[in-house]
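Read in order, the letters of the sequence shown are residues 1 to 161 in this note's numbering.
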Amino acid sequence: MSPVPNSAEFQLRPSFYYLSARLVLVIIASALIAALPLLIWVKIMGLLSLGLAARWLIVDYLGQSPETLIMLDASEDRWRLVSVLKALEALEAVETVETVETVETVELVLAPTQFATRYLVILYFKLPQGRQIVRVLPRDALSAPQHRLLRMVLIGRAFGS
Numbered sequence: 001m002s003p004v005p006n007s008a009e010f011q012l013r014p015s016f017y018y019l020s021a022r023l024v025l026v027i028i029a030s031a032l033i034a035a036l037p038l039l040i041w042v043k044i045m046g047l048l049s050l051g052l053a054a055r056w057l058i059v060d061y062l063g064q065s066p067e068t069l070i071m072l073d074a075s076e077d078r079w080r081l082v083s084v085l086k087a088l089e090a091l092e093a094v095e096t097v098e099t100v101e102t103v104e105t106v107e108l109v110l111a112p113t114q115f116a117t118r119y120l121v122i123l124y125f126k127l128p129q130g131r132q133i134v135r136v137l138p139r140d141a142l143s144a145p146q147h148r149l150l151r152m153v154l155i156g157r158a159f160g161s
């Protein structure tokens, strides 16, 4: 096993696997609501709510922009998350649309426990304000070498090397 680097950069992209898993859960919930012996209006309300949830999941997936996760210092568990947020602004006419990019940078501290397997990595971060951020990274959210490196960093950190 090669040594774990002290700093690294990971290019995160939206995961189709994660979207698919969430949509499968919506489909299963829809099937359960349809199969349960409920009043028809309750079934309709439940299915409409799940339809809106599925629509929101798809719109959220399509609106995601790539992020960069930077490991600043492995020994101190200091990380940085850089997001490029794209917003469309309509200026004067309907035809005139300008894309505005905003770069958002968040300083993070890696929490003590993480989850890393060959196909999935779940990272738990803490903000300086004490809030927690969770990033679920299936294997399609990173390139194969970056996913392997991230797993190496987390496993090396767990065993103290």
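Just so you know, even glycine gets a beta-carbon here, dropped at the ideal spot from N, CA and C.
Please list the terminal residues of the continuous beta strand (DSSP E) segment that includes Pro138.
Counted from its first residue, the sequence shown places residue 138 at position 138. Gln132 to Pro138 is the span of the beta strand (DSSP E), which, as asked, contains Pro138.
Under the three-state DSSP convention, the category Arg55 falls into
Counted from its first residue, the sequence shown places residue 55 at position 55. Looking at Arg55 - three-state DSSP - the assignment turns out to be helix.
Would you tell me roughly how many angstroms separate the C-alpha atoms of Ala90 and Val84, rounded to the nearest one?
Stepping through the sequence shown from its first residue, residue 90 is reached at position 90. Stepping through the sequence shown from its first residue, residue 84 is reached at position 84. For Ala90, the pLDDT reaches just 43, beneath the cut-off of 50, and the residue's location in the model is therefore unreliable, leaving the point undetermined.
The beta strand (DSSP E) that contains Tyr124, what's its start and end?
Here residue 124 refers to the residue found at position 124 when the sequence shown is read from its first residue. Segment Leu120 to Lys126, the beta strand (DSSP E) holding Tyr124.
Whether or not the region 72–84 and the region 101–108 are in contact is what I'm after, with contact meaning three or more pairs of Cβ atoms, one per stretch, closer than 8 Å; do they touch?
yes
Span separating the alpha-carbon of Ile122 from that of Val59:
In the sequence shown, residue 122 corresponds to position 122, counting from 1. In the sequence shown, residue 59 corresponds to position 59, counting from 1. Their Cα atoms are separated by approximately 23 Å.
Mind checking Ala93: buried by the 16 CB within 10 Å criterion, or exposed?
Looking up residue 93 in the sequence shown gives position 93. Low local confidence applies: a pLDDT of 46 at Ala93 is under 50, so the model's placement there is unreliable, with the coordinate-based value given in what follows. Exposed, by the Cβ-count rule.
Could you compute how far the alpha carbon of Asp73 sits from the alpha carbon of Leu36?
One-based indexing of the sequence shown puts residue 73 at position 73. One-based indexing of the sequence shown puts residue 36 at position 36. Distance between the alpha carbons of Asp73 and Leu36 is about 53 Å.
Distance between Tyr17 and Ala8 (C-alpha atoms, nearest Å)
Against the sequence shown, residue 8 aligns to sequence position 8. Against the sequence shown, residue 17 aligns to sequence position 17. Taking the straight line joining both Cα atoms gives about 24 Å.
Helix, strand or coil: which one does DSSP assign to Arg13?
Here residue 13 refers to the residue found at position 13 when the sequence shown is read from its first residue. In this structure, Arg13 counts as coil in the three-state DSSP scheme.
Between the CA atoms of Pro14 and Pro66 - distance to the nearest angstrom
The residue you call residue 66 lines up with position 66 of the sequence shown. The residue you call residue 14 lines up with position 14 of the sequence shown. Roughly 7 Å separates the two Cα atoms.
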